[in-house]
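Quick notes on the structure that follows.
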Amino acid sequence: MRNTGILIFDDAEVLDFCGPFEVFSVTNELNNFELFNVFTVSEGRQTIRAKNGLKVQPDHSIRRCPAPDILLIPGGWGTRKLMKNEPMLSWIRTVAARTELLLSVCTGSLVLAKAGLLDGMKATTHHEAITLLGETAPNAEIISDQRFVDNGSVIVSAGISAGIDMCLYVVAKLHGEEVASRTALYMEYAWDREKWR
16 MRNTGILIFD
26 DAEVLDFCGP
36 FEVFSVTNEL
46 NNFELFNVFT
56 VSEGRQTIRA
66 KNGLKVQPDH
76 SIRRCPAPDI
86 LLIPGGWGTR
96 KLMKNEPMLS
106 WIRTVAARTE
116 LLLSVCTGSL
126 VLAKAGLLDG
136 MKATTHHEAI
146 TLLGETAPNA
156 EIISDQRFVD
166 NGSVIVSAGI
176 SAGIDMCLYV
186 VAKLHGEEVA
196 SRTALYMEYA
206 WDREKWR
């Protein structure tokens, strides 16, 4: 059972965190609730107003959440504010040092870059933020033509729906392609697993 934390914050892109939440939660449900303990976390457990006004009540604050084995950072305009929040960047750095996997979706990679966690790695983001990612992560190799890139313990995806592909890939990486394929089938999601071998 891996503790799978999904960070949420004001103006986070909804599908960036809801897509991965669905992938990991469905996988868990289809496997006797034995694989992932999925939860949301915010800075102070305050109600989050995501993009377009969706209100979300996080499960935990950063000070009182289970230690994540997997941590996912979504994107959205809220990342611009998060990039200037040193206590949050410090928490992400601390957690990243202990996690099995650090994931980002869309402009969540900007936050990882600002935290210094993409140096020497390959990285991608939403196509409209590729230039900004290059400026924020000058020591990373920026990839603009892939839906996600795997650096081993750090995996980053392009924009919005690409996070679903990345998380299905993570499920396959951890538990095999059959488990990931069952999840995609249940979700009625057209996952091209051959593309990501």
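The working numbering applies: residue 16 is where the sequence shown begins, and numbers increase by one.
Ideal Cβ placement from N, Cα and C applies to all residues, glycine included.
Spatial distance of THR139 from VAL171 (CA atoms): 6 Å
Looking only at its own chain, which residues have a Cβ that is under 8 Å from the Cβ of ALA213, when we skip the five neighbours before and after it? As shown, the chain starts at 16 and ends at 212. That puts residue 213 outside it, with no answer to give.
If we call anything under 9 Å between Cβ atoms a contact, is LEU147 one with THR122? yes
Is it buried or exposed for ALA112, if we count other Cβ within 10 angstroms and need 16 for buried? exposed
So is LEU30 buried or exposed if we call it buried at 16+ other beta carbons inside 10 Å? buried
Same chain, Cβ closer than 8 Å to ASP84, five either side skipped, listed in chain order: ARG17, ASN18, THR19, THR114, GLU115 and LEU116
Considering Cα atoms alone, identify which of ALA173, ARG197, MET181 and LEU127 is closest to PRO153. LEU127
Starting from THR42, follow the alpha helix (DSSP H) in both directions and report where the run begins and ends. 29 to 45
Going by the DSSP bridge assignment, what does SER124 pair with across the sheet? According to DSSP, SER124 bridges with nothing at all.
Could you name the residues of the same chain whose beta carbon sits closer than 8 Å to that of TYR201, not counting the 5 residues immediately before and after it, in chain order? VAL41 and LEU45
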